[in-house]
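Enquirer:
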C-alpha cells in the first residue's frame, strides 16, 4: 500500500469531526485556518463558532469595526492575525464581490495568507493538488523519511514542501492534506508519539533507527528580549479610570492598556516612583504597588515582566467607568488584572486606604 493511500485510509478512520472539515465554503475554511495558526484546535474551536455566529459571511466581517474584532479575538494572542483577518475580509468584500480567489496563486496574495493557508484552502475548497506543510507535517515527514534538514531553514521548507508534494494524491488532495496534519497532530506527536500502533512504523526511519527524539531538526537562533512594564492604574472615588489605545507596530497594536511606563531593566520601587515620567502621570496622587513580584508573560520573542500600580485619585475628568472596561479589547494580562480588581475591589479599596496593610499578592491570578 503506497504512502498516500495508507495515510488517507488512516485519516478517514481516525479523523476528528470538526465543522470546517464538513464544508467547502472558502470563507469558513479560511476563517478556521487563520484562527488555528499558532493555536491549538481545542482552544480555537470556540472562537471559530463565535466568529461564525457573529459574522456568517465575509461581508459581515468586513463591515465590523476593528475594535470589535480585536475584542472577540481577545485571548488568542498574535493579534496581527485579527487585523489581517479584517483587512482581507474588507478586500474580498469590496474588491472581489465577496468571493475568495479559486486558486493557490491568487489566494497567497491576500493579507495574512501564506503558502500553508493558501494550500489548505485551495485543496479543501477547490481540489487543487497543492500540498500543505506545517509543524505537524514537518515532524511526520522528517521522522518517516529521515530528513535532517532544519525545518526552519529556507532549504528545509523547500525540501519538505517538495516531499509532501511528491506523494500527494492528486484526486484527493483535500483528504491527503488533512491526513498529513491530523497524523502529525494526533499520532506522530512531538513527545511520546504512538509508535507502537503506528501504521507507518515498518518503514519509519526514526522508529527503526531510534532517532525519534532527534527529529525534526530545528535551528535554535531565537533571541529573547526581556521587557519591564509598569502599568499605572488610576482609580477615582467615583470608580473611573484611564485607558489608552496602544499605538505603533509593536505587540498588542490597537489594544487598550492603562498608562504605561517601561524601564530598560528591573528597578526598585523608590527609584521607579522617583522617575520624572511617573511623577508627571501620578501628579502627586498616592501610588501603591499591586504586585511586588512581577507577573511574567511569555511571548515568542519577548518575556514581559509586568507590575501594576494603583493610583488613588479624587476625580478623573476624562476617563471611563471601571465597569465599562469589559467593552474594550485588552491583552489577557490586563484582563486578568481587571477581573481580579472587579472581583475584590471592596477589599482592595480598604487596603488602599490603609497603606501599611496594602499587600495584594494574594489577589492576583497569573
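Numbering (this note's numbering), first residue to last: 22 to 387.
Glycine included, C-beta positions come from ideal geometry on N, C-alpha and C.
Buried or exposed: residue 95, going by 16 or more other Cβ atoms within 10 Å of its Cβ?
Expert: Position 74 of the chain shown, counted from the start, is the residue given in the question as residue 95. Counting Cβ neighbours within 10 Å, residue 95 comes out buried, since at least 16 surround it.
Enquirer: What are the start and end residues of the alpha helix (DSSP H) that includes residue 158?
Expert: Your numbering for residue 158 matches position 137 in the chain shown. Residue 158 -> alpha helix (DSSP H) spans 156-166.
Enquirer: Which whole-angstrom value describes the C-beta separation of residue 119 and residue 80, a residue pair presumed to lie in contact below a C-beta threshold of 8 Å?
Expert: The residue given as residue 119 occupies position 98 in the chain shown. The residue given as residue 80 occupies position 59 in the chain shown. Going by Cβ atoms, the distance from residue 119 to residue 80 rounds to 6 Å, so yes, they are a contact pair.
Enquirer: Buried or exposed for residue 71, please, with buried defined as at least 16 other CB atoms from any protein chain shown within 10 angstroms of its CB.
Expert: Counted from its first residue, the chain shown places residue 71 at position 50. Per the 10 Å Cβ criterion, exposed.
Enquirer: Taking DSSP as the reference, what is the three-state secondary structure of residue 346?
Expert: Here residue 346 refers to the residue found at position 325 of the chain shown. The answer is helix: DSSP assigns residue 346 an H, G or I state.
Enquirer: How many whole angstroms separate the CB atoms of residue 92 and residue 350, which I take to be in contact at a CB cut-off of 8 Å?
Expert: Along the chain shown, read from residue 1 onward, the residue named residue 92 stands at position 71. Along the chain shown, read from residue 1 onward, the residue named residue 350 stands at position 329. The pair is a contact, with the Cβ atoms about 4 Å apart (cut-off 8 Å).
Enquirer: Run through DSSP, which three-state label would residue 148 get?
Expert: What you label residue 148 is simply residue 127 of the chain shown in a count that begins at 1. Of the three classes helix, strand and coil, the one that applies to residue 148 here is coil, per DSSP.
Enquirer: Flag this pair as yes or no: are the beta carbons of residue 173 and residue 241 separated by less than 7 Å?
Expert: As a first step, residue 173 is located in the chain shown; it is residue number 152 there, counting from the start. As a first step, residue 241 is located in the chain shown; it is residue number 220 there, counting from the start. The answer is no: Cβ separation not under 7 Å.
Enquirer: DSSP beta-bridge partners for residue 330?
Expert: Within the chain shown, the letter at position 309 stands for residue 330. DSSP lists 253 and 310 as partners of residue 330.
Enquirer: Determine which residues share a DSSP beta bridge with residue 17 and list them.
Expert: Nothing in the structure corresponds to residue 17, since the chain is present only between 22 and 387.
Enquirer: In whole angstroms, what is the alpha-carbon distance linking residue 64 and residue 123?
Expert: The residue labelled residue 64 in the question sits at position 43 within the chain shown. The residue labelled residue 123 in the question sits at position 102 within the chain shown. Distance between the alpha carbons of residue 64 and residue 123 is about 29 Å.
Enquirer: Does the distance from the CB of residue 307 to the CB of residue 333 come in under 7 Å?
Expert: Within the chain shown, residue 307 is the residue found at index 286, counting from 1. Within the chain shown, residue 333 is the residue found at index 312, counting from 1. Yes.
Enquirer: Following the continuous alpha helix (DSSP H) through residue 45, name the residue where it begins and the one where it ends.
Expert: What you label residue 45 is simply residue 24 of the chain shown in a count that begins at 1. That residue, residue 45, is in no alpha helix (DSSP H); it is neither H nor E in DSSP.
Enquirer: The beta strand (DSSP E) spanning residue 284 covers which residue range?
Expert: Within the chain shown, the letter at position 263 stands for residue 284. That run of the beta strand (DSSP E) goes 281-284.
Enquirer: So the candidates are 156, 148, 197 and 35; which of them puts its Cα closest to the Cα of residue 59?
Expert: In the chain shown, counting from the first residue as 1, residue 59 sits at position 38. Ranking the options by Cα distance to residue 59, first place goes to 156.
Enquirer: In whole angstroms, give me the CA-to-CA distance for residue 265 and residue 355.
Expert: Sequence index remark: in the chain shown, residue 265 carries index 244 (1-based). Sequence index remark: in the chain shown, residue 355 carries index 334 (1-based). For residue 265 and residue 355, the distance between alpha carbons rounds to 12 Å.
Enquirer: For residue 228, which residues of its own chain have a beta-carbon under 6 Å away from its beta-carbon, when the five flanking residues on both sides are left out?
Expert: If you number the chain shown from 1, residue 228 lands on position 207. Counting only Cβ-Cβ distances below 6 Å, and skipping sequence neighbours, we find 216 and 222.
Enquirer: Given a threshold of 16 other Cβ atoms within 10 Å of its Cβ, counted over all protein chains shown, does residue 17 qualify as buried or as exposed?
Expert: Outside the displayed span of the chain (22 to 387) sits residue 17, for which this structure offers no information.
Enquirer: According to the neighbour-count rule (16 or more other Cβ atoms, all chains shown, within 10 Å of its Cβ), is residue 32 buried or exposed?
Expert: Taking the first residue of the chain shown as 1, we reach residue 32 at position 11. Residue 32 should be labelled buried.
Enquirer: DSSP on residue 68, reduced to helix/strand/coil?
Expert: Within the chain shown, numbered from 1, the residue matching residue 68 stands at position 47. Note: residue 68 maps to helix in three-state DSSP.
Enquirer: Name the DSSP bridge partner or partners of residue 247?
Expert: Against the chain shown, residue 247 aligns to sequence position 226. DSSP output for residue 247 lists 324 as bridge partner(s).
Enquirer: For my contact list, residue 149 and residue 141 are in at a C-beta cut-off of 8 Å; report their separation, rounded to the angstrom.
Expert: The residue you call residue 149 lines up with position 128 of the chain shown. The residue you call residue 141 lines up with position 120 of the chain shown. Not really, about 11 Å apart at Cβ, beyond 8 Å.
Enquirer: So, with DSSP's three-state summary, where would you put residue 78?
Expert: In the chain shown, the residue the question calls residue 78 occupies position 57. Here residue 78 sits in coil by DSSP.
Enquirer: Buried or exposed: which applies to residue 195, given that a residue is buried once 16 or more other Cβ atoms fall within 10 Å of its Cβ?
Expert: In the chain shown, the residue the question calls residue 195 occupies position 174. Per the 10 Å Cβ criterion, buried.
Enquirer: Could you tell me the distance, in whole angstroms, from the CA atom of residue 235 to the CA atom of residue 34?
Expert: Within the chain shown, numbered from 1, the residue matching residue 235 stands at position 214. Within the chain shown, numbered from 1, the residue matching residue 34 stands at position 13. So the alpha carbons of these two residues sit roughly 29 Å apart.
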